[in-house]
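Everything on this sheet refers to the single structure shown next.
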Amino acid sequence: MAKTQETIRNFCIIAHIDHGKSTLADRLLEATGVMARRDMTEQVLDSMELERERGITIKSKAVRLPYTAKDGKTYEFNLIDTPGHVDFTYEVSRALAACEGAILVVDASQGIEAQTLANVYMALDHNLEILPVINKIDLPSAQPEVVKQEIEDEIGLDTENCPLISAKQGIGIEDVLEDIARNVPAPEGDPDAPLQALIFDSYYDNYRGAISSVRIKHGTVRVGDRIRMMAGGREFDVTEVGTYRPNGYNPAAQLVAGEVGYIAASIKDIADIRVGDTITRTDNPAAEALPGYKPVLPMVYCGIYPADGANYEALKDALAKLRLNDAALSFEPESSVALGYGFRCGFLGLLHMEIIQERLEREFDLDLVTTAPSVVYNVIKTDGKRMTIDNPTNLPPATEIDYMEEPYVDAQVITPQDYVGAIMELCQDKRGTFRDMKYIDGGRVLLSYDLPLNEVIYDFFDQLKSRTRGYASFDYELKGYVRSDLVKLDMLLNGEMCDALSIIVHRDRAYARGRSIAEKLQEVIPRQLFEIPIQAAIGGKIIARETVKALRKDVLAKCYGGDITRKKKLLEKQKEGKKRMRQVGSVEVPSEAFMAVLKMD
Amino acid sequence: MNGDMKRVALYIHLPFCARKCAYCDFVSFPGQTDRIPAYLDRLAREMRSAVGWYGPLAADTVFLGGGTPSLLSGEQMKRLMGDVGRFFEIAPDAEITVEANPGTVDAEKLAVFREAGINRLSLGVQSFDDGLLRRLGRIHTAREAEDAARMAAEAGFSNLSLDLMYALPGQNMSQWTDTLERALDLPVKHISCYSLILEDGTPMKALIEANPELLPDEEIAVGMQHEAARRLAERGFSRYEISNYALPGFESRHNLVYWRRGDYLGLGCAAHSLMNGIRFANTPSLEGYLAGEGAGEADVLSARDVYEETVMLGLRTREGVEAALLPPDRLARLCGAGLMAVDGGRARVTEAGADVLNAVILELV
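Order-wise, the sequence lines are chains P and E.
Residue numbering for the first sequence follows the working numbering, starting at 3 and increasing by one per position.
Residue numbering for the second sequence follows the working numbering, starting at 161 and increasing by one per position.
Here is the structure:
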């Protein structure tokens, strides 16, 4: 058994977005022969269409690669792919916990970025051996020596033998493989101890049910074993275990300590498999679970409604299907006066939200109306009761509220020095509290701020991008809840409150926000037969007002020579347009208005 | 005349013109006048097959539209009207209109047209401002238009109509009122006022896209519409249709058939018909039409279509639509807003409602 462990290498690849993680993964698959070049679609591990388009990995995956090294031994590499975005930080940390080593890919011209650092710190937290790799050395702008120095200075890693590669051109791939064989530590763990299998990913397979991707820390698991989820509490009978091939399963008799693979146990609901949980056997249970488990809680909520109310059931089915594979997605029916019946959906973050919305529209061909995202607030009522609010509509009246708390994040921005002023101004605008500023190298600065999450979800990324011309990179982690002076901002259309447009906002920002939303609505609501006053109000007090003037003149289509087809076409087009509008009292509001309140300036 | 005979309004499309105007996207072909004889042959064949299909037809109105029908020579017009008379029963008091471009007529031609049985002339004047006429791509001057109108009157066209356009690029209010006054100084019984429509693919649309500031703003355009209604009313012209004004008894009977959804038969390239509740149109291709291509796909109207058409077309007219047809709550709201009024069981749009007719219609369908 120990002999088996000696040749196992469990590792992941960490990188800033676009630094070439997926391309390197492809080359490793190719070089170890598990996939012939001709069978490769670009970026095999990113199999979802969306993943490929956005160049990010949404779900973790693991694949086993056999590799015969120069020392003559045949190794078993387990490459665990990790999600590459801040929304999935927890998933990343669990994937890292399944490894002994991490390849750190750094772009030879970009150098270290915010995500690089965040990932490195996380990998160090898990005591991983970090192997730096400089990628994209074929680019004319590549400065491998500068980047190597940066890695030594900033992260303190030895870069003397660090492979210089171009994953795209297939240069230096052999060096990476040798580096892994030589420098990633072999796993440890006692195959005869009680089973402790770390779940680092879960997904749904139509034939096998919900499946756990696991790293066996101790013990052995076989088909037929009865297992228990130590945090979840439920028990199942193992129906299949094995390792992963690209695009497939490789069933085995057992998985033993040190190995990475999957466990299928006819599990119907993916919610029974919690990422970070420990699987043990009921016949010889482990005394305690592996450390680090956290229940995954959505951080951002929004309302998702079918554009056509008749598609409510279709939306429900689509959400349920996505939920099969994504335990972090939550949804509950809700209704809105303005939007009818839909769902309150919870997400890990903004990107997660966008991905789900896009998948609903693309894979299920649904036309959606979404409301502005909200974070989760704590409300402490005057009677001492606490409640959490993820939908501004549900906020109790101000008189019943003693105080409220909002979530803050620990934000890190890495930026060229020139933009420090602009970013500090932005963070100030967003109610941020300055924490720290560090010079990384000659040109760049790491800024740390505490920021309210509700400001981060409100055009922070767009602002950061535009104020730094895309040069700054950003990473954040939930820090905790802070007492805050928050108010509910309502929008009134023709005197009637539109529930789907309400937001919770800091009192100091309410006036400016109310004005800009009113202005935005004035732009997106088309003129109608009647004048439409648009008002922003806090607790019944009007703080801003705009007016959509009444329509003055229609262009009439000609009906020349009895040809009324143009007229009919125009009428059809206008009827279509009207169908896509939401009736709020007597006012017709286009669907995009509900999201437009997000995109300001 | 046989009283049981089916009565229709007859539209004949003559798709020939001297030059395409800058705003025009109608089916018309410049520089093809040598094909007029073949076209008239084809029209005669179409008339024959129409009466063969429907049985004998009586026409209360005949309308020769285009294109520029007045491009036909006097002889060609005589031949066409001869064919019309041969295949259709023309009522003795029939309204027989020809559209004329002021740049294509002289006293002699007008006299022959009159002789051929034409009794109403619709002159495409558009404006009495030479600068605007040039911008529109018209082939005549303001002076030529006035001359044409007087010649027509002298030739015996007592029922004379003018087409005018407003909300033109670069047009101001005084240019518009000047055009209205000069029109009213002529011996006319009927005036049509059309707001410029920017059609895709026309030079006019390209001009405005490049220079959007040329277009009068909406308030001015509405003002022009109101000014036309006011000045014309002062001189006894009432607005019997959203774009049409007439002295009492000179409303275009032919056009009213369209708004009332009466039967009309369209002959010629691209001509539209509504016969027995079915809409259809001839091919818009001149080649296709000459080669004998028939009508394209017919549009059999559902009850919903009929309702929508009734509202869409009826509300253009002073007659309005039967109030009982309309959803009462919507109607009440529109009346409350001063956009519609109900009188004698008929619902019509007010002047304010006429300004936003599309939006009013949309509320009701």
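By construction, the Cβ of each residue, glycine as well, lies at the ideal position given by its N, Cα and C atoms.
For the stretch 546–560 of chain P, the set of positions with a beta-carbon nearer than 9 Å to some beta-carbon of chain E reads Ala552, Leu553, Arg554, Lys555, Asp556, Val557, Leu558, Ala559, Lys560 in chain order.
Between the C-alpha atoms of E:Ala441 and E:Ser433 there is a straight-line separation of about 6 Å.
Following the DSSP letters along the chain, one finds E:Pro488 inside the alpha helix (DSSP H) bounded by residues 488–496. Taking 8 Å as the cut-off, the beta carbon of P:Pro418 is found no closer than this to the beta carbon of P:Val526. Here the alpha carbon of E:Gln385 sits roughly 30 Å from the alpha carbon of E:Pro175. The stretch 267–280 of chain P and the stretch 250–259 of chain P do not touch, with fewer than three beta-carbon pairs separated by less than 8 Å.
Of P:Met597, P:Leu480, P:Lys23, P:Glu402, the smallest CA-CA separation from P:Thr91 is found for P:Leu480. In this structure, the alpha-carbon of E:Gly456 lies about 39 Å from that of E:Asn371. Between the stretch 299–310 of chain E and the stretch 276–285 of chain E there are three or more C-beta pairs closer than 8 Å, enough to call the two in contact. In terms of CA proximity to E:Thr221, E:Ile256 leads the group E:Tyr199, E:Ile256, E:Cys177, E:Val348. In this structure, the beta-carbon distance from P:Ala320 to P:Leu353 does not fall below 8 Å. In this chain, the alpha helix (DSSP H) harbouring P:Phe463 covers 462–469. Per the coordinates, the alpha-carbon of P:Val223 lies some 39 Å from the alpha-carbon of P:Ile167. By the criterion of a C-beta distance shorter than 8 Å, P:Thr34 is surrounded in its chain by Leu67, Pro68, Tyr69, Phe79, Leu179, once the five residues flanking it on both sides are discounted.
For E:Ser334, the uninterrupted alpha helix (DSSP H) segment begins and ends at 333–344. Along the stretch 485–505 of chain E, going in chain order, the ones with a CB nearer than 9 Å to a CB of chain P are Arg493, Leu494, Ala497, Leu499. P:Asn456: member of the alpha helix (DSSP H) spanning 455–458, first to last residue. In the structure shown, E:Phe317 adopts coil according to DSSP, grouped into three states. For P:Leu495, no chain E residue has a Cβ inside 9 Å of its Cβ, as the nearest lies near 17 Å away. At least 8 Å separates the CB of E:Val481 from every CB of chain P.
In the displayed model, E:Ser287 falls within coil according to three-state DSSP, outside both helix and strand.
P:Ile534 is outside the set of residues whose beta carbon lies under 8 Å from a beta carbon in chain E. The shortest CA-to-CA distance from E:Ala519 to any of E:His414, E:Val187, E:Leu499 is the one to E:Leu499. Judged by beta-carbon spacing, P:Gly516 lies beyond the 8 Å limit of P:Ala400, meaning their Cβ atoms are not closer than that value. Neighbours of P:Gln576 in chain E, taken as residues whose beta carbon is under 9 Å from its own, are Asn518, Ala519, Ile521, Leu522 in chain order.
Against chain E, the CB of P:Lys580 has a partner CB under 8 Å away; the residue lies at that interface. Check the Cα spacing between P:Leu494 and each of P:Ser475, P:Gln530, P:Ala538, P:Leu531: the tightest is with P:Ala538. Only buried fits E:Val471, as 16 or more other CB atoms lie within 10 angstroms of its CB. According to DSSP, residue pairing for E:His350 in a beta bridge involves E:Ser321, E:Ala406. By alpha-carbon distance to P:Asp140, the top candidate from P:Ile153, P:Asp127, P:Leu573, P:Ser111 is P:Ser111. P:Ile505 is positioned such that its CB atom lies no closer than 8 Å to that of P:Ala520.
Between P:Asp181 and P:Pro165, the C-beta spacing is below 8 Å. Interface annotation, E:Phe186: in contact with chain P, CB-CB separation under 8 Å. CA-to-CA, the gap between E:Ile380 and E:Glu511 works out to about 16 Å.
DSSP places P:Thr395 in no beta strand (DSSP E); its state is neither H nor E.
In this chain, E:Phe273 is not harboured by any beta strand (DSSP E); it is covered by the alpha helix (DSSP H) spanning 267–275.
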